[in-house]
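Colleague: Provided herewith is a single structure, encoded as structure tokens, for subsequent inquiry.
2 protein chains.
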Amino acid sequence: MHPSNVPAEIPVTGKGLGAGPDPCWSILDGEVSLPVAVLRDSALQHNLAWMRDFIAAYGVELAPHGKTTMSPELFAMQLDAGAWGITLATAPQVRDAYRHGVRRVLMANQLVGRANMALIAELLRDPAFAFCCLVDSATNADALGAYFAERSQRLRLLLEIGVTGGRTGVRDDAQARAVLDAIARWPQSLALVGVETYEGVLKDEAGIRALLRRTVAIMQMLRDEGAFAEPRILLSGAGSAWYDVVAEEFADAAKNPDVQVLLRPGCYLTHDAGAYRDADARIHASNPVARSMAEGLRPALQLWACVQSVPEPGRAIVGLGKRDAAFDAGLPLPVLQHRPGDAAPQPAPSHWRLDAIMDQHAFLAIDADDDVQVGDMLCFDICHPCLTFDKWRHLLRVDDDWRVTGIVTTCF
Amino acid sequence: MHPSNVPAEIPVTGKGLGAGPDPCWSILDGEVSLPVAVLRDSALQHNLAWMRDFIAAYGVELAPHGKTTMSPELFAMQLDAGAWGITLATAPQVRDAYRHGVRRVLMANQLVGRANMALIAELLRDPAFAFCCLVDSATNADALGAYFAERSQRLRLLLEIGVTGGRTGVRDDAQARAVLDAIARWPQSLALVGVETYEGVLKDEAGIRALLRRTVAIMQMLRDEGAFAEPRILLSGAGSAWYDVVAEEFADAAKNPDVQVLLRPGCYLTHDAGAYRDADARIHASNPVARSMAEGLRPALQLWACVQSVPEPGRAIVGLGKRDAAFDAGLPLPVLQHRPGDAAPQPAPSHWRLDAIMDQHAFLAIDADDDVQVGDMLCFDICHPCLTFDKWRHLLRVDDDWRVTGIVTTCF
Numbered sequence: 001m002h003p004s005n006v007p008a009e010i011p012v013t014g015k016g017l018g019a020g021p022d023p024c025w026s027i028l029d030g031e032v033s034l035p036v037a038v039l040r041d042s043a044l045q046h047n048l049a050w051m052r053d054f055i056a057a058y059g060v061e062l063a064p065h066g067k068t069t070m071s072p073e074l075f076a077m078q079l080d081a082g083a084w085g086i087t088l089a090t091a092p093q094v095r096d097a098y099r100h101g102v103r104r105v106l107m108a109n110q111l112v113g114r115a116n117m118a119l120i121a122e123l124l125r126d127p128a129f130a131f132c133c134l135v136d137s138a139t140n141a142d143a144l145g146a147y148f149a150e151r152s153q154r155l156r157l158l159l160e161i162g163v164t165g166g167r168t169g170v171r172d173d174a175q176a177r178a179v180l181d182a183i184a185r186w187p188q189s190l191a192l193v194g195v196e197t198y199e200g201v202l203k204d205e206a207g208i209r210a211l212l213r214r215t216v217a218i219m220q221m222l223r224d225e226g227a228f229a230e231p232r233i234l235l236s237g238a239g240s241a242w243y244d245v246v247a248e249e250f251a252d253a254a255k256n257p258d259v260q261v262l263l264r265p266g267c268y269l270t271h272d273a274g275a276y277r278d279a280d281a282r283i284h285a286s287n288p289v290a291r292s293m294a295e296g297l298r299p300a301l302q303l304w305a306c307v308q309s310v311p312e313p314g315r316a317i318v319g320l321g322k323r324d325a326a327f328d329a330g331l332p333l334p335v336l337q338h339r340p341g342d343a344a345p346q347p348a349p350s351h352w353r354l355d356a357i358m359d360q361h362a363f364l365a366i367d368a369d370d371d372v373q374v375g376d377m378l379c380f381d382i383c384h385p386c387l388t389f390d391k392w393r394h395l396l397r398v399d400d401d402w403r404v405t406g407i408v409t410t411c412f
Numbered sequence: 413m414h415p416s417n418v419p420a421e422i423p424v425t426g427k428g429l430g431a432g433p434d435p436c437w438s439i440l441d442g443e444v445s446l447p448v449a450v451l452r453d454s455a456l457q458h459n460l461a462w463m464r465d466f467i468a469a470y471g472v473e474l475a476p477h478g479k480t481t482m483s484p485e486l487f488a489m490q491l492d493a494g495a496w497g498i499t500l501a502t503a504p505q506v507r508d509a510y511r512h513g514v515r516r517v518l519m520a521n522q523l524v525g526r527a528n529m530a531l532i533a534e535l536l537r538d539p540a541f542a543f544c545c546l547v548d549s550a551t552n553a554d555a556l557g558a559y560f561a562e563r564s565q566r567l568r569l570l571l572e573i574g575v576t577g578g579r580t581g582v583r584d585d586a587q588a589r590a591v592l593d594a595i596a597r598w599p600q601s602l603a604l605v606g607v608e609t610y611e612g613v614l615k616d617e618a619g620i621r622a623l624l625r626r627t628v629a630i631m632q633m634l635r636d637e638g639a640f641a642e643p644r645i646l647l648s649g650a651g652s653a654w655y656d657v658v659a660e661e662f663a664d665a666a667k668n669p670d671v672q673v674l675l676r677p678g679c680y681l682t683h684d685a686g687a688y689r690d691a692d693a694r695i696h697a698s699n700p701v702a703r704s705m706a707e708g709l710r711p712a713l714q715l716w717a718c719v720q721s722v723p724e725p726g727r728a729i730v731g732l733g734k735r736d737a738a739f740d741a742g743l744p745l746p747v748l749q750h751r752p753g754d755a756a757p758q759p760a761p762s763h764w765r766l767d768a769i770m771d772q773h774a775f776l777a778i779d780a781d782d783d784v785q786v787g788d789m790l791c792f793d794i795c796h797p798c799l800t801f802d803k804w805r806h807l808l809r810v811d812d813d814w815r816v817t818g819i820v821t822t823c824f
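Rendered as structure tokens:
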């Protein structure tokens, strides 16, 4: 039987693919060109269910950040699992998601530049396409107002709330007022529909809770003023590290039927063995809903690569590099070793670690008497899914025996 | 007139493209979605001619490392400018280059893993395809020997010479002998055709010259022993930082008609404003051929991005991130500012600098009274071309007025 979710046409170029015409490739049998990026089906399904249950417990909705994967097949899985829509970061990302069937998008960024406005204006011609984006300056609001007025279109906006020293977002009430005044100058072409923040620029929980409460307070104040153009107000926050705290802080607002809370974690789907594993441990220790669940998220995205050289005692060179894996938040972590011909992979010794990475090579520190041979296959957990995904045009879905069950594509 | 080198079909998805159906887009007029990666035609032509002249002065040949760009259109430019062939790093890269017409490849890596061997075996069925790769272990040589013997094919190999503490390559004579013995076990399927080293793992010129001299000495010893399977011996070295020193050290060997010297710099084509600019300064100060040339290499690869927010004094947030630019060897450097509607861009003040970068945003440190507005377009030089290229599926070629003259694709 043909695996599900395999694109009609199997790609014939690019890395990390099998050579044969049938995609039922076995990683362990050496049927796939290494290095390869794989997604474990069981972990994906676990993570989809986990986040669906977590989100439901708080009465909020999930708009997972699609910039992490930019994969239409994974977007479809997230929407099938109940996501409200997809969050995206740029106008080309929105366009590519739309082309693959996504019809509800929160662009968690300002829309800047005429060509980017043109991309969105084209999509807004479809009345079935629901879109909103952020605004944090009167300059931008006026530019958007003029652009969309010329086209007799109306752009839906969330006021972005930020913090001094942070990224985007209004710092104080005066800035917020200036933005609101600008939006009010373009009643035909701009509609304020909600309030947004990104707490991930902060590192301490107290500061994050203060920002989230300020965001809720601003939403309530604007609601009392009648500033919103639609009856249902959007309230959005949450990256992949603090979504539990955002859920806690926004849960009260979500009880109001006029408020729709959208959380935007993107990395939950694949998780990792770096910063998000650390976040998961914190969440499981502190969040009552997470504590009630049997386990946390599982790392679903892994890399297989070959040992290419064992040139001196204590060092193996692996065919895996910055071209294949994120390296900005920790290097990939060896978890399995498989010698072609053996029945099954073995756990990698805990003292193995990558101590350097170049464009196409990684340096594995081992003990001088460890049994590592040229041709051995190594499986790695990764740190930072986003910057791993964008190194691959195709990733292979695999079952628990490392047999390929499908191919997913990316649109970076 | 239609620009040259535009693919027959203009891509309709992906980032950094224009919205209109005609690719004669103007960056300055806002016709291209930002961020975009651009290649300046004048700088590309300058760099192609510069390296052609430099290489010719030493009587050696150029096998530019294609892993930098993985762009078929740029490979074609390099071959048109006289390159011997293309160097590549992995079997899928070789396959993709072959599909785009490259017929002479040095794979500057070990060929490991059955699926990768299968990719190369398939290409070797074409007698017009000239291929060689590196070997540094008996284990790998025996695996290759057996694999290609089964297929009645012969694989051409270069013995890789390395250094202790370095990357791949034999460390000493005993290792080299073991590899040569293994190659000799497979006379039907393996052919030793040369010697190779990569000096870029070392940082000091004295150590580099010692490695290069050792490599030449090993080649001479093996030639005297009759170890090579072909009358013309390949001798190869050089990354993008020390190719001048390799040219100097290999020039004598190149005078022998039985020796073909292949240098492999890849980054010269686009250059950068980081480590390779520094290398260029060293080369121009010390190498007599370079000193005789009017100027060095020019940065050809640049990024344009929009100011997205100016949320507080001294800080602008730019729509450019780790998804768009290398960040491992220095952050992009702002060089131009253009306000839409102005006649021409202005040089960016020298005190501007990026002081942080996230997936989709960069943080520009400015003075509180600098005139920076949301919507301003900024042009950046980059550091590390390889990891910038692999963030883009298309790059735009531009003339000196920032009008698009063509599109080049990448195959990562």
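Line by line, the protein sequences give chains A and V.
Here the first sequence stands for residues 1 to 412, where the numbers follow my numbering.
Here the second sequence stands for residues 413 to 824, where the numbers follow my numbering.
Each residue gets a CB set at the ideal place from its N, CA and C atoms; glycine is no exception.
Only a predicted model underlies this, so the values are computations on that prediction, with no experimental measurement involved.
Pull up the distance between the alpha-carbon of A:ALA174 and that of A:SER137, whole angstroms please.
Modeller: Spanning the two alpha carbons is a distance of roughly 11 Å.
Colleague: Go through its chain and collect everything with a Cβ distance to V:ARG635's Cβ below 7 Å, but skip five positions before and after it.
Modeller: Correct list, in chain order: ILE645.
Colleague: To the nearest angstrom, report how far apart V:ALA760 and A:ARG114 are at their CA atoms.
Modeller: Their backbone Cα atoms lie some 22 Å apart in a straight line.
Colleague: According to DSSP, simplified to helix, strand and coil, what is V:GLN714?
Modeller: Looking at V:GLN714 - three-state DSSP - the assignment turns out to be strand.
Colleague: Could you work out which residue in A:ARG103, A:GLY239 and A:GLU31 is closest to A:GLY341 when comparing CA atoms only?
Modeller: When each option's Cα is compared against that of A:GLY341, the closest is A:GLU31.
Colleague: In this structure, does DSSP put A:LEU263 in helix, strand or coil?
Modeller: In this structure, A:LEU263 counts as strand in the three-state DSSP scheme.
Colleague: Any idea what DSSP makes of V:LEU523, helix, strand or coil?
Modeller: DSSP places V:LEU523 in coil when its eight states are reduced to three.
Colleague: For V:PRO643, count neighbouring Cβ atoms within 10 angstroms of its own Cβ and tell me buried if that reaches 16, exposed if not.
Modeller: With fewer than 16 Cβ atoms within 10 Å of its Cβ, V:PRO643 is classed as exposed.
Colleague: Where does the unbroken beta strand (DSSP E) through A:VAL36 begin, and where does it stop?
Modeller: Its beta strand (DSSP E) spans residues 36 to 40.
Colleague: If you reduce the DSSP assignment to three classes, tell me which class V:LEU440 lands in.
Modeller: Coil at V:LEU440, not helix or strand.
Colleague: Closer than 8 Å, CB to CB, is A:GLN153 near chain V or not?
Modeller: No, because no Cβ of chain V sits closer than 8 Å to the Cβ of A:GLN153.
Colleague: Would you say A:CYS383 lies against chain V (beta-carbon separation less than 8 Å)?
Modeller: No, A:CYS383 lies away from the interface with chain V (no Cβ there is under 8 Å from its Cβ).
Colleague: Within this structure, are the beta carbons of V:ALA650 and V:LEU675 separated by less than 8 Å?
Modeller: Yes, Cβ-Cβ distance for V:ALA650 and V:LEU675 is below 8 Å.
Colleague: Identify the contact partners of V:GLU608 in chain A, using a Cβ-Cβ distance below 9 Å as the criterion.
Modeller: The premise fails here: V:GLU608 is roughly 13 Å from chain A at the closest Cβ pair, so nothing lies under 9 Å.
Colleague: Considering only their Cβ atoms, is the gap separating A:GLY66 from A:PHE75 smaller than 8 Å?
Modeller: Going by C-beta atoms, A:PHE75 is nearer than 8 Å to A:GLY66.
Colleague: With distances taken Cα to Cα, identify the nearest neighbour of V:THR817 among V:ARG452, V:PHE792 and V:ALA639.
Modeller: If we check each option's Cα against that of V:THR817, V:ARG452 comes out closest.
Colleague: Based on Cα-Cα distance, which residue from A:VAL179, A:ALA184 and A:GLN346 lies nearest to V:SER721?
Modeller: Checked all of A:VAL179, A:ALA184 and A:GLN346; the closest Cα to V:SER721 is A:VAL179.
Colleague: Quick one, which of A:LEU235, A:HIS271 and A:ARG209 has its alpha-carbon nearest A:ASN47's?
Modeller: Selected option, being the one with the closest Cα: A:HIS271.
Colleague: Flag this pair as yes or no: are the beta carbons of V:ILE573 and V:ARG626 separated by less than 8 Å?
Modeller: Yes, the pair counts as a contact, with Cβ atoms nearer than the cut-off.
Colleague: Could you work out which residues of chain A lie near V:CYS798, taking near to mean beta carbons separated by less than 7 Å?
Modeller: Neighbours of V:CYS798 on chain A, chain order: ASP359.
Colleague: To the nearest angstrom, how far is the alpha carbon of A:THR388 from that of A:THR68?
Modeller: Their Cα atoms are separated by approximately 9 Å.
Colleague: Run the proximity test for A:ALA143: is its beta-carbon closer than 7 Å to any non-hydrogen atom belonging to the ligand NAD?
Modeller: This structure simply doesn't include the ligand NAD, nor any ligand for that matter.
Colleague: Would you say V:VAL490 reaches chain A, if we count a Cβ-Cβ gap shorter than 8 Å as a contact?
Modeller: The displayed chain sequence assigns Gln, not Val, to residue 490 of chain V. For V:GLN490, the answer is no, since every Cβ of chain A falls outside 8 Å of its Cβ.
Colleague: On the three-state DSSP scale, how would you describe V:THR425?
Modeller: Reduced to three states, the DSSP call for V:THR425 is coil.
Colleague: Please list the partners that V:THR499 has in chain A, where partner means a Cβ-to-Cβ separation under 9 Å.
Modeller: By Cβ distance, chain A contributes nothing, its closest Cβ being about 12 Å from V:THR499, past 9 Å.
Colleague: Cα-Cα, which of A:MET221, A:VAL289 and A:VAL259 is closest to A:TYR243?
Modeller: The shortest Cα separation from A:TYR243 among A:MET221, A:VAL289 and A:VAL259 belongs to A:VAL289.
Colleague: For A:LEU119, would you say it is in contact with chain V, using Cβ-to-Cβ distances shorter than 8 Å as the test?
Modeller: Yes, because at least one Cβ of chain V sits closer than 8 Å to the Cβ of A:LEU119.
Colleague: Can you tell me whether A:ASP370 is helix, strand or coil according to DSSP?
Modeller: A:ASP370 falls in the coil class under three-state DSSP.
Colleague: Distance, Cα to Cα, A:GLN302 vs V:GLY638?
Modeller: Going from the Cα of A:GLN302 to the Cα of V:GLY638 covers about 46 Å.
Colleague: How big is the Cα-Cα spacing for V:GLY733 and A:PRO332?
Modeller: Going from the Cα of V:GLY733 to the Cα of A:PRO332 covers about 21 Å.
Colleague: When you check each C-beta in the stretch 165 to 183 of chain A against every C-beta of chain V, which residues fall closer than 9 Å?
Modeller: The stretch 165 to 183 of chain A vs chain V, Cβ under 9 Å: GLY165, GLY166, ARG167, THR168, GLY169, VAL170, ARG171 and GLN175.
Colleague: Suppose you measure from the CA of A:ALA108 to the CA of A:ALA89; what does that come to, to the nearest Å?
Modeller: Using only the alpha carbons, I get a separation of about 6 Å.
Colleague: So the alpha helix (DSSP H) A:SER236 belongs to, where does it begin and stop?
Modeller: Element bounds for A:SER236: not the alpha helix (DSSP H) but the beta strand (DSSP E), 233 to 237.
Colleague: If you reduce the DSSP assignment to three classes, tell me which class A:ASP328 lands in.
Modeller: In this structure, A:ASP328 counts as strand in the three-state DSSP scheme.
Colleague: Return helix, strand or coil for A:MET377, following the three-state DSSP convention.
Modeller: Here A:MET377 sits in strand by DSSP.
Colleague: To the nearest angstrom, how far is it from the Cα of V:ALA558 to the Cα of V:TRP804?
Modeller: Spanning the two alpha carbons is a distance of roughly 39 Å.
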